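Residue numbers (the UniProt record's numbering): 1 to 182.
The beta-carbon is built from N, C-alpha and C at its ideal position, and this holds for glycine as well.
Quick caveat: nothing in here was measured; it's all calculated off a predicted structure.
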Amino acid sequence: CEQRFPNNQFKPKFKPAAYGGKRAFAGQFQHMAAIGWTRTYYNAYPTIDYLCGGSLITWKFVLTAAHCAADPNNIPPDTVRLGDTNLASFYDDGFAQQIPIARFIKHPQYRWSRKYYDIAVVELEEYVKPNSAICVACLWREPDAPGDLMDAVGFGATEFAGSLSSTLQKRIPSTPGNAALR
1 CEQRFPNNQF
11 KPKFKPAAYG
21 GKRAFAGQFQ
31 HMAAIGWTRT
41 YYNAYPTIDY
51 LCGGSLITWK
61 FVLTAAHCAA
71 DPNNIPPDTV
81 RLGDTNLASF
91 YDDGFAQQIP
101 IARFIKHPQY
111 RWSRKYYDIA
121 VVELEEYVKP
131 NSAICVACLW
141 REPDAPGDLM
151 DAVGFGATEF
161 AGSLSSTLQK
171 RIPSTPGNAA
181 LR
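Written as C-alpha coordinates, this is what we have:
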(Lines of atoms letter the chains of each structure in order from A and count residues from 1; the text may use other names and numbers.)
(Lines give C-alpha, C1' and ligand atoms only; values in the text may rest on other atoms or scores of the structure.)
Protein backbone atom coordinates (compact mmCIF):
# COMPACT_ATOMS: atom_id res chain seq x y z
CA CYS A 1 0.00 0.00 0.00
CA GLU A 2 2.85 2.35 0.71
CA GLN A 3 3.90 2.04 -2.94
CA ARG A 4 0.40 2.80 -4.25
CA PHE A 5 -0.43 5.56 -1.76
CA PRO A 6 2.80 7.35 -0.77
CA ASN A 7 2.88 10.13 1.83
CA ASN A 8 -0.50 9.19 3.33
CA GLN A 9 -2.40 10.19 0.19
CA PHE A 10 -4.76 7.27 0.85
CA LYS A 11 -7.80 8.51 2.76
CA PRO A 12 -10.28 5.66 3.36
CA LYS A 13 -14.00 6.40 3.63
CA PHE A 14 -16.89 4.26 4.99
CA LYS A 15 -20.59 4.19 5.88
CA PRO A 16 -22.67 1.06 6.50
CA ALA A 17 -25.86 0.44 4.49
CA ALA A 18 -25.15 3.20 1.98
CA TYR A 19 -27.69 3.31 -0.87
CA GLY A 20 -27.71 5.58 -3.89
CA GLY A 21 -24.16 4.97 -5.06
CA LYS A 22 -22.50 6.22 -8.22
CA ARG A 23 -20.72 4.20 -10.87
CA ALA A 24 -17.12 3.23 -10.08
CA PHE A 25 -14.68 2.71 -12.92
CA ALA A 26 -11.75 0.42 -13.73
CA GLY A 27 -8.76 1.00 -11.50
CA GLN A 28 -10.63 2.83 -8.72
CA PHE A 29 -11.23 -0.13 -6.39
CA GLN A 30 -8.82 -2.80 -7.61
CA HIS A 31 -9.45 -5.09 -4.62
CA MET A 32 -13.16 -5.61 -5.32
CA ALA A 33 -14.36 -9.11 -6.15
CA ALA A 34 -17.73 -10.42 -7.32
CA ILE A 35 -18.69 -13.85 -5.98
CA GLY A 36 -20.83 -15.91 -8.32
CA TRP A 37 -22.93 -18.99 -8.88
CA THR A 38 -22.76 -20.68 -12.30
CA ARG A 39 -26.25 -21.62 -13.54
CA THR A 40 -27.53 -23.43 -16.59
CA TYR A 41 -31.16 -22.63 -17.38
CA TYR A 42 -33.17 -24.78 -19.82
CA ASN A 43 -30.12 -26.27 -21.58
CA ALA A 44 -28.87 -22.79 -22.42
CA TYR A 45 -25.32 -21.55 -22.12
CA PRO A 46 -24.18 -21.23 -18.51
CA THR A 47 -24.61 -17.84 -16.90
CA ILE A 48 -23.19 -16.55 -13.64
CA ASP A 49 -25.32 -14.90 -10.97
CA TYR A 50 -23.16 -12.58 -8.90
CA LEU A 51 -24.88 -12.31 -5.52
CA CYS A 52 -22.04 -11.25 -3.22
CA GLY A 53 -18.96 -9.09 -3.16
CA GLY A 54 -15.65 -9.26 -1.40
CA SER A 55 -12.15 -7.83 -1.16
CA LEU A 56 -8.96 -9.43 -2.40
CA ILE A 57 -6.75 -9.58 0.72
CA THR A 58 -3.92 -11.74 -0.66
CA TRP A 59 -3.23 -13.04 -4.15
CA LYS A 60 -5.20 -16.21 -3.28
CA PHE A 61 -7.84 -15.16 -0.71
CA VAL A 62 -10.95 -12.96 -0.78
CA LEU A 63 -12.61 -11.59 2.37
CA THR A 64 -16.42 -11.69 2.27
CA ALA A 65 -19.52 -12.27 4.40
CA ALA A 66 -20.27 -15.73 5.81
CA HIS A 67 -23.88 -15.49 4.60
CA CYS A 68 -22.45 -15.67 1.06
CA ALA A 69 -21.53 -19.35 1.61
CA ALA A 70 -24.77 -20.43 -0.08
CA ASP A 71 -27.63 -18.96 -2.10
CA PRO A 72 -31.30 -19.26 -0.99
CA ASN A 73 -31.33 -22.82 -2.43
CA ASN A 74 -28.31 -23.74 -0.27
CA ILE A 75 -26.01 -23.95 -3.32
CA PRO A 76 -22.45 -22.72 -2.68
CA PRO A 77 -20.77 -20.18 -4.98
CA ASP A 78 -18.23 -21.57 -7.43
CA THR A 79 -16.41 -18.59 -8.93
CA VAL A 80 -14.87 -15.18 -8.20
CA ARG A 81 -14.49 -12.36 -10.73
CA LEU A 82 -11.86 -9.67 -10.26
CA GLY A 83 -10.95 -6.57 -12.27
CA ASP A 84 -14.43 -6.08 -13.73
CA THR A 85 -16.57 -3.04 -12.91
CA ASN A 86 -19.49 -3.92 -15.21
CA LEU A 87 -20.58 -7.54 -14.85
CA ALA A 88 -23.23 -7.17 -17.59
CA SER A 89 -20.89 -6.14 -20.42
CA PHE A 90 -17.57 -7.07 -21.95
CA TYR A 91 -16.17 -3.58 -22.61
CA ASP A 92 -14.02 -3.49 -19.44
CA ASP A 93 -13.03 -7.18 -19.37
CA GLY A 94 -9.50 -6.75 -20.76
CA PHE A 95 -7.87 -7.25 -17.37
CA ALA A 96 -10.64 -9.22 -15.63
CA GLN A 97 -9.96 -12.67 -14.18
CA GLN A 98 -12.47 -15.41 -13.44
CA ILE A 99 -11.12 -17.88 -10.87
CA PRO A 100 -12.85 -20.97 -9.45
CA ILE A 101 -13.38 -21.22 -5.70
CA ALA A 102 -11.33 -23.91 -3.94
CA ARG A 103 -13.08 -23.56 -0.56
CA PHE A 104 -15.25 -21.21 1.44
CA ILE A 105 -14.19 -20.83 5.09
CA LYS A 106 -16.84 -19.32 7.38
CA HIS A 107 -16.11 -17.99 10.86
CA PRO A 108 -16.68 -20.97 13.20
CA GLN A 109 -19.16 -19.01 15.35
CA TYR A 110 -21.30 -17.78 12.45
CA ARG A 111 -24.97 -18.85 12.54
CA TRP A 112 -27.44 -18.03 9.76
CA SER A 113 -30.18 -17.13 12.26
CA ARG A 114 -27.96 -14.42 13.72
CA LYS A 115 -25.72 -12.10 11.78
CA TYR A 116 -22.89 -12.09 14.33
CA TYR A 117 -19.50 -13.28 13.05
CA ASP A 118 -20.74 -12.79 9.48
CA ILE A 119 -17.27 -13.02 7.97
CA ALA A 120 -15.56 -15.57 5.76
CA VAL A 121 -12.52 -16.16 3.59
CA VAL A 122 -12.71 -17.59 0.08
CA GLU A 123 -9.68 -19.55 -1.08
CA LEU A 124 -9.20 -19.41 -4.84
CA GLU A 125 -8.06 -22.42 -6.87
CA GLU A 126 -5.16 -20.43 -8.30
CA TYR A 127 -3.24 -17.26 -7.58
CA VAL A 128 -4.52 -13.99 -9.00
CA LYS A 129 -2.24 -12.41 -11.58
CA PRO A 130 -1.70 -8.74 -10.63
CA ASN A 131 -2.45 -6.16 -13.31
CA SER A 132 -3.62 -2.55 -13.61
CA ALA A 133 -7.22 -3.50 -12.72
CA ILE A 134 -6.51 -5.93 -9.84
CA CYS A 135 -4.58 -5.45 -6.60
CA VAL A 136 -4.91 -6.60 -3.00
CA ALA A 137 -6.72 -4.30 -0.58
CA CYS A 138 -4.77 -1.96 1.64
CA LEU A 139 -5.52 -2.86 5.23
CA TRP A 140 -5.63 -0.14 7.88
CA ARG A 141 -2.79 -0.75 10.33
CA GLU A 142 -3.31 2.08 12.80
CA PRO A 143 -5.10 1.61 16.16
CA ASP A 144 -7.78 4.23 15.42
CA ALA A 145 -9.95 4.70 12.35
CA PRO A 146 -9.21 7.86 10.36
CA GLY A 147 -11.34 10.91 11.03
CA ASP A 148 -11.97 11.32 7.31
CA LEU A 149 -14.94 9.86 5.48
CA MET A 150 -14.69 6.39 3.95
CA ASP A 151 -16.16 4.99 0.73
CA ALA A 152 -18.66 2.14 0.65
CA VAL A 153 -18.13 0.04 -2.48
CA GLY A 154 -19.92 -2.95 -3.96
CA PHE A 155 -22.27 -4.55 -6.47
CA GLY A 156 -25.20 -4.40 -4.03
CA ALA A 157 -28.60 -2.75 -4.16
CA THR A 158 -28.66 0.94 -4.98
CA GLU A 159 -31.88 1.49 -3.04
CA PHE A 160 -33.69 -0.25 -0.20
CA ALA A 161 -35.19 -3.56 -1.44
CA GLY A 162 -33.84 -2.79 -4.91
CA SER A 163 -32.19 -5.20 -7.32
CA LEU A 164 -28.44 -5.77 -7.33
CA SER A 165 -26.34 -3.53 -9.55
CA SER A 166 -24.30 -5.10 -12.35
CA THR A 167 -21.90 -2.16 -12.16
CA LEU A 168 -19.55 -1.53 -9.27
CA GLN A 169 -21.02 1.27 -7.14
CA LYS A 170 -19.30 3.69 -4.78
CA ARG A 171 -20.86 5.86 -2.13
CA ILE A 172 -19.10 8.75 -0.43
CA PRO A 173 -21.16 9.35 2.73
CA SER A 174 -21.59 12.51 4.74
CA THR A 175 -20.89 10.84 8.11
CA PRO A 176 -17.32 10.91 9.45
CA GLY A 177 -15.69 7.47 9.72
CA ASN A 178 -15.34 7.37 13.50
CA ALA A 179 -18.95 8.51 14.02
CA ALA A 180 -20.24 5.83 11.62
CA LEU A 181 -18.42 3.14 13.59
CA ARG A 182 -20.05 4.02 16.95
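Once the 5 residues before and after residue 68 are set aside, which same chain residues still bring their CB inside 6 angstroms of it? The answer, listed in chain order, is 35, 52.
Determine the direct distance from the alpha carbon of residue 42 to that of residue 54, and round the result to whole angstroms. 30 angstroms
Where residue 188 and residue 113 are concerned, what is the direct C-alpha to C-alpha distance, given to the nearest angstrom? This structure leaves residue 188 out entirely; the chain is present only between 1 and 182.
Cβ atoms of residue 24 and residue 170: under 8 angstroms apart, would you say? Yes. Within cutoff.
What number of angstroms, rounded off, separates the C-alpha of residue 109 from the C-alpha of residue 121? 14 angstroms
Which residue comes first and which comes last in the beta strand (DSSP E) that contains residue 55? 47-56 is the extent of the beta strand (DSSP E) around residue 55.
Burial state of residue 73 (16 or more Cβ within 10 Å): exposed
To the nearest angstrom, report how far apart residue 88 and residue 47 are at their CA atoms. 11 angstroms
Are the CB atoms of residue 82 and residue 134 within a distance shorter than 8 angstroms? yes
Between the Cα of residue 57 and the Cα atoms of 138, 94, 45, which residue gives the shortest distance? 138
Which two residues bound the contiguous beta strand (DSSP E) that contains residue 61? Start and end: 61-64.
Here's a check: name, in chain order, each residue in its chain whose Cβ is nearer than 6 angstroms to the Cβ of residue 78, leaving out the five neighbours to either side. 38, 101
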